[in-house]
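Residue numbers (my numbering), protein chains in the order written: chain A, 1 to 418; chain B, 419 to 1388; chain C, 1389 to 1626; chain D, 1627 to 1725.
Here is the structure we will look at.
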Amino acid sequence: MVFALLKYGLSRHYPARHQFPRPRELKPSYDLVIIGGGGHGLATAYYLARDWGITNVAVLDKGYLAGGNTGRNTAIIRSNYLTPEGVQFYDESIRLYKDLSNDFDLNILYSERGHLTLAHTDAAIRTMRWRAEVNKHFGVDSELVFPAEIAKLCPQLNLSDKVRYPVLGALYHVPGAIARHDAVAWGYGAGAATRGVEIHQRTEVTGILREGVNGTGGRVTGVVTDRGTIKCGKVIQAVAGASSLVAAMVGLKLPIRTIPLQACVSQPLKPFLDKIIVSGSLHVYISQSSRGELVMGGSTDPYSLYGTRSTLDFKEGLMMHMLELFPYLAEVKLLRQWAGMTDMTPDFAPIMGETPVENYYIDAGWGTWGFKATPVCGKRNAEMLATGKVPELIAPFSHRRFLEFKQLGEKGAASVGH
Amino acid sequence: MTTSRLPAPAGALLDRAKPITFGFDGRSYTGFEGDTIASALAANGVGVLSRSFKYHRPRAVLSAAGHDANALVQIGAEPSVPADRRRIEPGLSVTPQNVFGSLAHDRAAVIDSLGRFLPVGFYYKTFFRPKGSWKHWEKLIRALAGLGKVDLAAPHGYHDKQYLFADVAVVGGGAAGMAAALEAAEVGAEVVLIEENPRLGGALGYARFDPEGGHGASLMAELAAKVEAHTGITVMLDATCNGWFADHYLPVIRGTRLHKLRARSVVVATGSYEQPLVFRNNDLPGVMYSSAAQRLIRHYGVRPGTRAVVATANGDGYGAALDLLEAGVEVACVADLRPERSDGALADAVADRGVPIVRGATVTEAVPQRGLVGIEAARVARITGQGLTTALDDRFACDLIVTAIGYNPTTNLIHHAGGRVSYNEETAMFEVTWLPETLHAAGSVTGTFALDAVIGEGRRAGWSAARDAGFKVGAAPAVPNDRGQRGVNHPWPIFPHPKGRDFIDFDEDIQVHDILDAIQEGYDDIELMKRFSTCGMGPSQGRHSSLNSVRLTARATGRTVDETGTTTSRPPYAQESFGVLAGRSFEPERLTPMHHRHVEAGARMMVAGQWYRPEYYGPAATRAENIRREVMAVREAVGLIDVSTLGGLEVCGPDAAEFLNRIYTFAYAKQPVGRARYALMTDQAGVVVDDGVACRFHDHHFYVTATTSGAAAVYQRMLFWNAQWRLQVNVTNVTASWAAVNLAGPKARMVLAKICADVELSAEAFPYMEVRQGNLAGIPARIIRIGFVGELGYEIHVPSSQGEALWDALMAAGQEHGIVPFGIEAQRLLRLEKGHIIIGQDTDGVTHVFEADMAWAISRNKPYFVGKRTLAIHEKNGLTRKLVGFTLKNPADPAPKESHLVIRDGQIVGRTTSVNGSFVLGKVIGLAYVAPDQAEPGTTFQIRIEGGRMIEAVVEKPPFYDPGNKRQEL
Amino acid sequence: MHLDPSTLPRRGFLYRELAALGASFVEVNGQAAPIHLAAGQEAEASAARVMGLADASALRRGGYKGWTALDWLRGQGVAIGDNNTTVVQDEGSRVARLADSEALILGDLAGRSALLDRVEAAWSFEGAVGAYPVPRPDTNFWFRITGAHAANMLAKMCGVDLRPRKFPDGAVAQTSVARMSAIVIRHDLGATLAYDMIADSAAAAYMWRCLLDAMDEFEGKPVGLGAVRALAAEGSSP
Amino acid sequence: MKILNCPLNGPRNISEFVWGGEVRTHPALDCSDAEWADYAALENNTAGVVREWWYHVPTAYWIIAERDTVKDVIVRTYPARELFKDRVVFEAPAKQEGR
Ligand SMILES: Cc1cc2nc3c(=O)[nH]c(=O)nc-3n(C[C@H](O)[C@H](O)[C@H](O)COP(=O)(O)OP(=O)(O)OC[C@H]3O[C@@H](n4cnc5c(N)ncnc54)[C@H](O)[C@@H]3O)c2cc1C
Ligand SMILES: NC(=O)c1ccc[n+]([C@@H]2O[C@H](COP(=O)([O-])OP(=O)(O)OC[C@H]3O[C@@H](n4cnc5c(N)ncnc54)[C@H](O)[C@@H]3O)[C@@H](O)[C@H]2O)c1
Ligand SMILES: Cc1cc2nc3c(=O)[nH]c(=O)nc-3n(C[C@H](O)[C@H](O)[C@H](O)COP(=O)(O)O)c2cc1C
Ligand SMILES: [Zn+2]
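Structure representation (structure tokens):
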């Protein structure tokens, strides 16, 4: 038996420590307020505390810890993006991910599985090659593979050409991984909290105080919450689906649409599928978690919504296509479906960094793909907040690009890919 | 084993005339038609159905209601079949799940004894040191996880779907549902009544409402007869309503069909789930709900044991005790958790039968048989406080423990619909406090248990639903005041045991201390507790665990149950198979009129969105040769390609030209009738999104083509803009109306002349970029002289019904000139030789006009076109890349592939978008994005090809072939 | 003698499928129309009372669209009802109003339409500004779906309530069928419940397959136009 | 599945429609770059009742719906012509560089 478990088994008192010391009251002021206690907010707090010793920080979340998209996401981690900006960014994230369990002293069940993005058209083949080439340029392990090799990598896939949309090739990304999404957030939260960061759950930000607003964005001085007003030095928002609403509190308009993304799990099955399989043309992706469920999803909902209701159409479309790839799953049972609210940008790349409002920073536009970015966002946000300088890695994701019509070209890699 | 078959009249669902033999765990058993797998096995004395998820403890029936946590079995390739719902069939071969070895000797059962080393969330706590070790542990953990098995050879059976419509949908065919359905149908509403069981009745069919025991059955018979006789009610049995979706859209699964029922109003009469009493070993086979014992007896004619202890906190426990006695089960004792004497006819009847009743007491432990395959005795002790008992207990030998400590309403659908519940401390129940409009609830789902109130409430719900559906209704039916909600639920049926195995969640093997530990560790929000402990996340989705886990969380955090709240209930209500959700997989396929001719000619067809198009003609083995032959035919003689998939739009009206001026980048106002003009479309961001040709046939009429994949979007966009501009123009999508071919090659005119009598074809009479209408082989045609492939060519559009005839006529006319049909691959090379771009291949999601080097396609004299303003901004900002033509500096270098990168100083500056070896030019040609300062013809740049090798390319201004465009203008 | 559909310039979208079902063709409007299939007209007529599917694509149809289309048609003596309803014209054609700016004209079962003859002759760009012809015969296939089970069968492919009590004779639904846009019109044949289905001609084979699959449980059969005409003759539908 | 009440076709499954986003007001042709970006690139992404474009695919019909993006309720639908009544004319803006 593993030593750590012996410890738990033999000690009378479980557990060793409380992971999230719970502050009762809000302090009147903090050096820094992080709006949003999802993965991004918590990771930012963690690295601020760990790497920069900044702990007079409050993380405010209107719900429970990581109850936003972090707690709803299908946890696919990969760096096989299309743009140089994206690939380098996500690559750093993967490197951070690999150490997280040990950093946290909490197993995030990081599981490197290999990731296959299927191509069903020759146009998709071209995009896959493009991605493979850009990836390799930055040392990221991706390769364009064809059916004979796919059959070896994933014999579970239906590679028949007798289907409506036969598989012509795939982008094979060796480091593609999944992890226990909640554990990532908890690890960051616990790491931040035990270092002195205050995490206030069920605390909603309802306004942001500024001074010097005349023609410019002014300067942030505090935040208003449903539990009272607090003063603060800097503020960063990391609120995913609520990005536009919180940004509007400082008069900032974003190119974001809030659109539900749904997902579902099957009943737990004995392990049979190692690879993570994604098909953009069929709008499906699937992986099997360590618990044995098939974790599945597709593209975003057909219209915007500030809500997480489930739909039948989602499941119908998903399964129709899923059974093309895995016909033998017809009698497998769906266990549960749910939804998150994604903050979709038009170029499928995030919005990060400074804003026209002094001391106000943003981490938004994570859409359907931001879980994998959690560590790098936390680390680089922390660096930015601590030093006041925008790190090179996140500079390309500035809000300004939309005003100048300089969108990033990530569409080809992000859409259904997560 | 101690369970056995009872004689009739027990077993109302059985047809004893029809014995059925089936297999379980390698042995053969016989049951009757109507038996579930679980009931038939119980009748055969099989005591263990499965092994639990984590500890591999033996488990069996708990509820027998079709929603058991641990009754999941595998049938052939089908995993996780609920054995307490699926009925047996001849020859069915059932195997247990999650067993290493056999059900009786599960090697993994050893985990149970290691349990204390596996605290809640144990996998989060270890297995990761030293770094990298998780990779190895993961394999073990994964192998232990999971229940059913997937068979890669499993067939994909037939599943389908059907829409259904109703004024009123009633979910649940118990007393409340039947009353609701009758009331609504009475006023004329069309009602669909959905019941997941094989017959109507719900609790009436198994519960005991009176000492004599006949009331339920007679009421059931009466109501069911009325329902079945009513023409306004459609009854769906064996049908599960698996969720509520917006605007009363209900998925109802029956067999392999998914019914999508749309109702105007809905009555939820889904009853309630009985809840477990928590004590040590409360998971063992032989511990079951009172309703389970009653279902086994009354529905399936199974005697659930021989000697029972009943633990109860309500009348239903006494009802069950009477049923047990009548079924020949000795009742060793009834432990009533309530200290006061509960007055009630059922309790009196039990007392009258001489059964010892202990008040203020509970079962604290089930003493297991060896191997935990059943129970030997129950320990019963006095309750001294919330969850506390005396240390002294009585031991009652028994093989059955029946519990009746209360219910949790089946509010799944109500939650899906946004309804709210709140915990009533007085009744210790979650009660519905708010329902959305046009949704109604009745019966025990609302916490109403008195039968007359259940029926009254059902009637009133049916009445309200009919009213909401627009029917004229009379006065609202009355509901008796006493809804019988008191004395049903015990507020704290949780008796933690110092040695544990006091299970809260049977799916996930969660015990009391697991929940407390999770909370102590900081996962103190009910949602966090759930996620950390996985309580409620297994196959039965908290049916058996939600209520108790919320109570525990509330107490441990010092909050009320109401403040603590419940976790979100999500669809599906019960499991549903992927196949049922997928149904028939409608995937539209569109075929051009000439499709069969291509197939007959040996074309390899490729998917192009919904369409199929010929990639090339001939065997795959000679692909390159086939393409070469097709290309050379076009360059040297004449070729024919099917371009019917091109979008076609008729733009008509006095404002037609003005409209195109706004939609496309070029100018159309002065385009003469009889002329064709290139049409490039940009979006608001100036991004190139489509292209085609605009042919003017009349002052008021343009025929505009669009790309195959863009046609629908172009049409939609045109209508979108004109909904705002209100120009006098009408746009019709005629994509499918026109078959089209491109006849191209130096001999094209000769071929065409053979079948064309009424259009003058000479270069002077019908020059390049002109259009004509005429007849070809008697077929009315629109003929456009354009040259995507750079030869003398005619794009010919004819009514689609005559497309095949046109194809035949051209192939016949071209025979003497060596006509060859050509496919997409040949066309891609031919157009590349001319430097024509393909939108979506040579452009990407952000390519704007200047990047594509297509400034020539912009008319600068127009005040407006979609994208103009943004293009002006782009022009001002300057370029970051540019599309250029290129050839290889060293012809001996291998050809780059499409999407190979253009590298400068170690940086990515662009990529190739089209590359091909030109037969006529004898060299590799291509298009690529390069840095703007590399775009001058003659500039060299570097491409990284396969294997990381760098090769040099030289910018060459297209067209590569026939730069003077002489051939297409012949 | 049998007519070979491929000898005519106008060819049905399904002539191969129909020939494989043993169709006998007759010429209608320059196209081979399947008059009966292997089973023969009488058997097909009785099958069609229960559940039948016929390809009526050879029959006359047309339409006009544009901001003055309805007025212009009215000017030609065409009677037009409300949106999504059909009016039977004196000479037997039916006119379905699809929008404020569009009408669909369906000829009779013999393949004639005096109305279409007349309006087609009258139409010109100059004479009918704002009213433009829609090439319906080539844009769309035209199926007839007949029989007592027709509504139940269609409910397997279409989310609009087409049951007779909710969808009266002449009603029009422009909707999605088997994930394709389609126009469905109820038009009973004599005493037999029946629908027109008009949709993308390029997807005729796809829709035909979907319908045959959906009809199977109702003993549905493909039938010839003769059977449709026979049912119509039992009442007085044009 | 939501039902959207099409002014032409009546209540229909929302899957028959394509969402077209918020109804926006086109700025004057001589607006500033910032105003243009606001119109062409940014979104209000309103939480609450929004006026939106919807396209009924089978009838190729653009309509306007007022929809509550929080409650997922469609409040009202009507033909686009109720909002866009008049012919839009674009005049070339007076030449003024550098805005
Ligand atoms: C179904 C689904 C699947 C996905 N799959 C993947 C995947 O496989 N891989 C991947 O990389 N990404 C995936 N994503 C995307 C990913 O989940 C998100 O991008 C990422 O989790 C965003 O993290 P976050 O911390 O920024 O936001 P969140 O986790 O959403 O946290 C934001 C928090 O802000 C809080 N908040 C909002 N408004 C306020 C306010 N006014 N005051 C206080 N607090 C507020 C919310 O309560 C919330 O907890 C998926 C998303 C979904 C919905
Ligand atoms: N003794 C007992 O064990 C017991 C248990 C519950 C209720 N009762 C009594 O029964 C009466 C309540 O009657 P009721 O009509 O409210 O409940 P009910 O339990 O009699 O009927 C509800 C029915 O709805 C069905 N159902 C639930 N969800 C469904 C779904 N999604 N799809 C299809 N079917 C679904 C259930 O299978 C059940 O048959 C009360 O008098 C109560 O005291 C007794
Ligand atoms: C990767 C992943 C795996 C999940 N696995 C399960 C599961 O096995 N069982 C379960 O009940 N829910 C599972 N869920 C869903 C959660 O229970 C829950 O539905 C989701 O976090 C959204 O929260 P909500 O339903 O409370 O809105 C999973 C969620 C994710 C993101
Ligand atoms: Zn599809």
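Glycine residues also receive a C-beta, built at the ideal position from the N, C-alpha and C atoms.
Bear in mind the structure is a predicted one, so any value in this text is a computation, not a measurement.
Nearest CB-CB separation between F397 (chain A) and chain D: not below the 8 angstroms threshold. No residue range can be given for E507 (chain B), since it is assigned to no beta strand (DSSP E) and is classified by DSSP as neither H nor E. Distances from the CB of R309 (chain A) to the heavy atoms of ligand 3 are all 7 angstroms or more. Look at F518 (chain B) here: in three-state DSSP terms it is coil, with no helix or strand label.
Assignment of F583 (chain B) by DSSP, reduced to helix, strand and coil, places it in the strand class.
In the structure shown, D226 (chain A) adopts coil according to DSSP, grouped into three states.
Within the same chain, no Cβ atom closer than 7 angstroms to the Cβ of R1553 (chain C) is found once the five residues on either side in sequence are excluded.
Secondary structure at Y707 (chain B): strand, using DSSP grouped into helix, strand and coil. Per DSSP, reduced to three states, the secondary structure at R1524 (chain C) is helical. Spanning the alpha carbons of A739 (chain B) and S709 (chain B) requires a straight line of approximately 11 angstroms.
Following the DSSP letters along the chain, one finds V1025 (chain B) inside the beta strand (DSSP E) bounded by residues 1021 to 1026. Comparing alpha carbon positions, the residue from B:T952, B:D932, B:E1033, B:T1126 closest to G1027 (chain B) is B:T1126. For H931 (chain B), the enclosing alpha helix (DSSP H) covers residues 930 to 938.
Membership of T374 (chain A) in the alpha helix (DSSP H) is indicated by the continuous run 374 to 387. The criterion of a C-beta distance shorter than 8 angstroms is satisfied by S304 (chain A) and T258 (chain A). Using a Cβ-Cβ cut-off of 8 angstroms, H574 (chain B) is close to L323, P327, Y328, A330 of chain A, given in chain order. Between A767 (chain B) and chain D, the shortest Cβ-Cβ separation is not below 8 angstroms. Interface criterion met: the Cβ of A1103 (chain B) is under 8 angstroms from a Cβ in chain D. Under the three-state reduction of DSSP, T975 (chain B) is assigned to helix.
Per DSSP, reduced to three states, the secondary structure at Y110 (chain A) is coil, with no helix or strand assignment. Judged by DSSP secondary structure, D766 (chain B) falls within the alpha helix (DSSP H) whose first and last residues are 763 to 770. Only P1281, Y1282, R1287, T1288, I1291 from the region 1275 to 1292 of chain B bring a Cβ to less than 7 angstroms from some Cβ of chain D. Neighbours of Q580 (chain B) in chain C, taken as residues whose beta carbon is under 7 angstroms from its own, are A1543, K1544 in chain order. Taking the CA atoms as reference points, V1414 (chain C) sits about 18 angstroms from R1532 (chain C).
By the criterion of at least three beta-carbon pairs nearer than 8 angstroms, the region 438 to 453 of chain B is not in contact with the region 374 to 391 of chain A. Taking a contact to require three or more Cβ pairs closer than 8 angstroms, the region 1056 to 1063 of chain B and the region 1033 to 1047 of chain B do not qualify as touching. Here G1057 (chain B) is bridged, per DSSP, to B:A1162, B:V1238. For the C-beta of T649 (chain B), not a single chain C residue is nearer than 9 angstroms; the gap to the nearest is close to 12 angstroms. At a cut-off of 8 angstroms between C-beta atoms, R1713 (chain D) does not count as an interface residue with respect to chain C. Secondary structure of T216 (chain A) (DSSP, three-state): coil.
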